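Residue numbers (the working numbering): 4 to 45.
Here a beta-carbon is modelled for each residue, glycine too, at the ideal position from N, C-alpha and C.
Since this is a predicted model, take the numbers as computed values, not measurements.
Notes to accompany the following structure.
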């Protein structure tokens, strides 16, 4: 099985603007994932 790679152009960040996003179940990486989303404007 090959991994699907997603790029910035594959997603529309505007669909998430103005919404609350929760990060659940990412273990020790949860904080880093949440900060990455915050920094990217989500």
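Going by alpha carbons, who is nearest to residue 45 out of 30, 24, 32? For residue 45, the closest alpha carbon among the candidates 30, 24, 32 is that of 24.
Let me know the secondary structure DSSP gives residue 7 once reduced to three states. DSSP places residue 7 outside both helix and strand once states are collapsed to three, so it counts as coil.
Output yes or no for whether 8 Å exceeds the beta carbon distance between residue 26 and residue 14. Not a contact, by the Cβ cut-off of 8 Å.
Check for me: the alpha helix (DSSP H) holding residue 41 runs from which residue to which? It spans 33–42 - the alpha helix (DSSP H) in which residue 41 sits, taken as one unbroken run.
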